[in-house]
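Enquirer: Letter by letter, the sequence shown follows residues 978 to 1306 in the working numbering. Every residue gets a Cβ at the ideal spot worked out from N, C-alpha and C, and that includes glycine. Before anything else, here's the structure in question.
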Amino acid sequence: MKRILAILLFALTLGVCQAQKVVTLSWDTTHVTLGKHATITIGDQLNLVVEVSNIDLSSQHVIFPTKEDLSRSHLELVSQSYDTVSQSGQSATVRQVNVVTCFDEGEYTIDSIAVQWSDAPVYSNDVLTLKVMDVANVDTVKAEIKDIADVMREPYTFWEIFRWVLLALGVALIVVAAIFITRRIKANKPIISLPAAPPVPDYQQALNDLEKLRVRNLWQAGFQKEYHTELTDILRLYLNRRFGIDSAEMTSDQTLEAYAEKQVSQESYDRLRHILRTADMVKFAKAEPQPYEHDRSMADAKLFVEETRPAESVRKEESPFADENGTQA
């Protein structure tokens, strides 16, 4: 009696374990679950999902349908992927997602798909139906089917050519600039040579030097000799540049004699003579002129330069509306 009960208990347990091995089939897309029935157009793709529940991952090995298994149902397999849907302890639910398509119009039934489970096949109880429809509004009998045309080549536009020309010119300019800069650096020359400023006219330079001497206030500070020495040095340099008189190597009398030979005005001669005589008295006789005499020497020096400046420099400073005779229009 006990033996019979043990046999019945074993059979019941085996049946419960067998009932727990579940294989389900369904259609779906990426975002929509279609269930047991689906409709597609020729060439469209959808997912055939094979789900196996209650897999003992530690001891059971599951082999899902292969490409050959699905091809017997008029389906074309595009790709396969696997996913563990849920897992509790050693028991898990695994899903095989088969991306399939079909190129034959008609209605098809997919059933009895087997999953190899621990060397024993387990068949699904689900029956799937798939309706494959032809492309709408295309009559392959009347319509003219043409070959796929070759890729058309568009002609090059002006800009497409011109931009390459600009690029080539840009590269050439960069190369030339690099060579030029390298050579200038090796020769210790400035990369960019700025034009030199125009030279200051001799009379203007003399006037500038006299003004600089005036604002230094030398004689007011007691440096009378230095004041008159620098003043006469400015005039002697001006005489050399303006008239070619090397006055730096001459005495005051020699300078006046050389200046008189230039056929100058008596007024400018008298100014120069007064400046030189006053300077000689301060430098050699240690005279102490009155304050107004220092200022007079500076004023006479500036007037002397203005009176003896070249005639063309005077004309340049005249009004642009002056006529040929110099009178204002």
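#1: Three or more C-beta pairs closer than 8 Å, one from the stretch 1268 to 1279 and one from the stretch 1245 to 1252: is that the case here?
#2: Tell me, to the nearest whole angstrom, how far the beta carbon of Ile1032 is from that of Val1071; I am working on the premise that it is less than 8 Å.
#3: Given that a residue counts as buried once 16 or more other Cβ atoms are within 10 Å of its Cβ, and exposed if not, what is Pro1287?
#4: When the distance is taken between beta carbons, is Asn1024 closer than 9 Å to Val1076?
#5: So, do the stretch 1049 to 1062 and the stretch 1074 to 1090 have three or more beta carbon pairs nearer to each other than 8 Å?
#6: Write down every uninterrupted run of the beta strand (DSSP E) in the stretch 1214 to 1281 whose length is 3 residues or greater and which is fully enclosed by it, in chain order.
#7: Could you have a look at Ser1058 and say whether DSSP puts it in helix, strand or coil?
#8: With distances taken from CA atoms, which of Gly1020, Thr1018, Tyr1204, Val1026 is nearest Thr1007?
#9: For the candidate residues Arg1218, Glu1082, Asp1257, whose alpha-carbon lies nearest to that of Val1177?
#10: Take Ser1030 and list the residues in its own chain whose beta-carbon comes closer than 6 Å to its own, dropping the five residues that flank it on each side.
#11: Between which two residues does the alpha helix (DSSP H) containing Arg1193 stretch?
#12: Per DSSP, which residues does Gly1020 bridge with? Please list them.
#13: For Ala1015 versus Lys1123, is the C-beta distance shorter than 9 Å?
#14: Enumerate in chain order the residues of its own chain whose CB-to-CB distance from Ile1158 is below 7 Å, with the five nearest sequence positions on each side excluded.
#15: Once you ignore the five residues that flank Thr1018 on each side, which residues in its own chain have a CB closer than 7 Å to its CB?
#16: Met1227: which of Asp1179, Thr1209, Asp1277 sits nearest, CA to CA?
#17: Could you compute how far the alpha carbon of Lys1202 sits from the alpha carbon of Asn1165?
#18: Give the single residue among Ser1170, Lys1279, Arg1140, Ile1087 whose Cα lies nearest to the Cα of Val1047.
#19: Tell me whether the beta-carbon of Thr1206 lies closer than 9 Å to the beta-carbon of Ala1256.
#20: For Glu1289, count neighbouring Cβ atoms within 10 angstroms of its own Cβ and tell me buried if that reaches 16, exposed if not.
#21: Taking buried to mean at least 16 other C-beta atoms within 10 Å of its own C-beta, is Val993 buried or exposed?
#22: How about Leu1187 and Lys1279: do their beta carbons lie closer than 9 Å?
#23: Could you please give the first and the last residue of the uninterrupted alpha helix (DSSP H) stretch that includes Ala1149?
#24: What separation, rounded to the nearest whole angstrom, lies between the Cα atoms of Asp1005 and Gly1012?
#25: I'd like the span of the alpha helix (DSSP H) that includes Thr1047, first residue to last.
#26: Cβ of Val1026 within 8 Å of any heavy atom in the ligand HEM?
#27: Give the straight-line distance between the Cα atoms of Val1338 and Thr1043, rounded to the nearest whole angstrom.
#28: Three-state secondary structure (DSSP) at Asp1033?
#29: Within 10 angstroms of the Cβ of Trp1136, are there 16 or more other Cβ atoms? Answer buried if so, exposed if not.
#30: Taking just the CA atoms, how far does Tyr1246 sit from Glu1265?
#31: Grouping DSSP H, G and I as helix and E and B as strand, with all else coil, what is Ile1087?
#32: Can you give the Cα-Cα distance for Val1142 and Ala1155, rounded to whole angstroms?
#33: How is Asn1185 classed by DSSP in three states: helix, strand or coil?
#34: Taking all protein chains shown into account, do 16 or more other C-beta atoms lie within 10 angstroms of the C-beta of Ala1183, making it buried, or fewer, making it exposed?
Expert: So, to answer that:
#1: As far as the Cβ criterion goes, the stretch 1268 to 1279 touches the stretch 1245 to 1252, which means the pair count is three or higher.
#2: In the sequence shown, the residue the question calls residue 1032 occupies position 55. In the sequence shown, the residue the question calls residue 1071 occupies position 94. Contact flag correct, Cβ pair sits at about 6 Å.
#3: By one-based count along the sequence shown, residue 1287 stands at place 310. With fewer than 16 Cβ atoms within 10 Å of its Cβ, Pro1287 is classed as exposed.
#4: To locate residue 1076, count along the sequence shown from 1; it is residue 99. To locate residue 1024, count along the sequence shown from 1; it is residue 47. Yes, the pair counts as a contact, with Cβ atoms nearer than the cut-off.
#5: Flag = yes, the stretch 1049 to 1062 and the stretch 1074 to 1090 touch.
#6: The stretch 1214 to 1281 contains no whole beta strand (DSSP E) run of 3 or more residues.
#7: Indexing the sequence shown from 1 puts residue 1058 at position 81. In the three-state scheme derived from DSSP, where H, G and I count as helix and E and B as strand, Ser1058 is classed as strand.
#8: Numbered from its first residue, the sequence shown carries residue 1007 at position 30. Of the candidates Gly1020, Thr1018, Tyr1204, Val1026, the one whose C-alpha sits nearest the C-alpha of Thr1007 is Val1026.
#9: Position 200 of the sequence shown, counting from 1, holds the residue named residue 1177. The shortest Cα separation from Val1177 among Arg1218, Glu1082, Asp1257 belongs to Arg1218.
#10: Looking up residue 1030 in the sequence shown gives position 53. Same-chain partners within the cutoff: Val999, Thr1070.
#11: Locating residue 1193 in the sequence shown gives position 216, counting from the first residue. Here Arg1193 belongs to no alpha helix (DSSP H), and DSSP marks it neither H nor E.
#12: Start at 1 with the first residue of the sequence shown, and residue 1020 comes out as number 43. Beta-bridge pairing links Gly1020 to no other residue.
#13: Residue 1015 sits at position 38 when you count from the first residue of the sequence shown. Residue 1123 sits at position 146 when you count from the first residue of the sequence shown. No, they are not a contact pair.
#14: One-based indexing of the sequence shown puts residue 1158 at position 181. The beta carbon of Ile1158 lies closer than 7 Å to those of Ile1168 in the same chain, with the five residues before and after it left out.
#15: By one-based count along the sequence shown, residue 1018 stands at place 41. Hits under 7 Å: Met1110, Val1112.
#16: The count along the sequence shown starts at 1 and reaches residue 1227 at position 250. Looking at the Cα atoms, Thr1209 is the closest of the given residues.
#17: What you label residue 1202 is simply residue 225 of the sequence shown in a count that begins at 1. What you label residue 1165 is simply residue 188 of the sequence shown in a count that begins at 1. Those two C-alpha atoms are separated by around 46 Å.
#18: Translated into the one-based positions of the sequence shown, residue 1047 becomes position 70. One point to set straight first is that residue 1047 is Leu, not Val, in the sequence displayed. The candidate whose alpha carbon is nearest that of Leu1047 is Ile1087.
#19: Residue mapping note: residue 1206 aligns to position 229 of the sequence shown, counting from 1. Residue mapping note: residue 1256 aligns to position 279 of the sequence shown, counting from 1. Yes, Cβ-Cβ distance for Thr1206 and Ala1256 is below 9 Å.
#20: As a first step, residue 1289 must be located in the sequence shown, where it is residue number 312. Exposed.
#21: Start at 1 with the first residue of the sequence shown, and residue 993 comes out as number 16. Since pLDDT at Val993 reaches only 42, below the 50 mark, its modelled position is unreliable, and no value is offered.
#22: Numbered from 1 along the sequence shown, position 210 holds the residue referred to as residue 1187. Numbered from 1 along the sequence shown, position 302 holds the residue referred to as residue 1279. Between Leu1187 and Lys1279, the CB-CB gap stays under 9 Å.
#23: Numbered from its first residue, the sequence shown carries residue 1149 at position 172. Element bounds for Ala1149: 1135 to 1163.
#24: As a working mapping, residue 1005 is identified with position 28 in the sequence shown. As a working mapping, residue 1012 is identified with position 35 in the sequence shown. If you take the alpha carbons of Asp1005 and Gly1012, they lie about 7 Å apart.
#25: Mapped onto the sequence shown, residue 1047 falls at position 70. This sequence places Leu at residue 1047; Thr is not what is there. It spans 1044 to 1048 - the alpha helix (DSSP H) in which Leu1047 sits, taken as one unbroken run.
#26: Summarising the ligand content, the structure contains no ligands, and the ligand HEM is consequently not present.
#27: The question about residue 1338 has no answer, for the chain in this structure spans 978 to 1306.
#28: Taking the sequence shown and counting its residues from 1, one reaches residue 1033 at position 56. Of the three classes helix, strand and coil, the one that applies to Asp1033 here is strand, per DSSP.
#29: Counted from its first residue, the sequence shown places residue 1136 at position 159. Exposed, by the Cβ-count rule.
#30: Mapped onto the sequence shown, residue 1265 falls at position 288. Mapped onto the sequence shown, residue 1246 falls at position 269. Approximately 24 Å, taken between the alpha carbons.
#31: Numbered from its first residue, the sequence shown carries residue 1087 at position 110. The answer is strand: DSSP assigns Ile1087 an E or B state.
#32: For the purposes of this step, residue 1142 is taken as the residue at position 165 of the sequence shown. For the purposes of this step, residue 1155 is taken as the residue at position 178 of the sequence shown. In this model, Val1142 and Ala1155 are separated by some 20 Å (Cα to Cα).
#33: As a first step, residue 1185 is located in the sequence shown; it is residue number 208 there, counting from the start. In the structure shown, Asn1185 sits in a helix (DSSP, three-state: H, G or I).
#34: Position 206 of the sequence shown, counting from 1, holds the residue named residue 1183. Its Cβ being crowded by 16 or more others within 10 Å, Ala1183 is buried.
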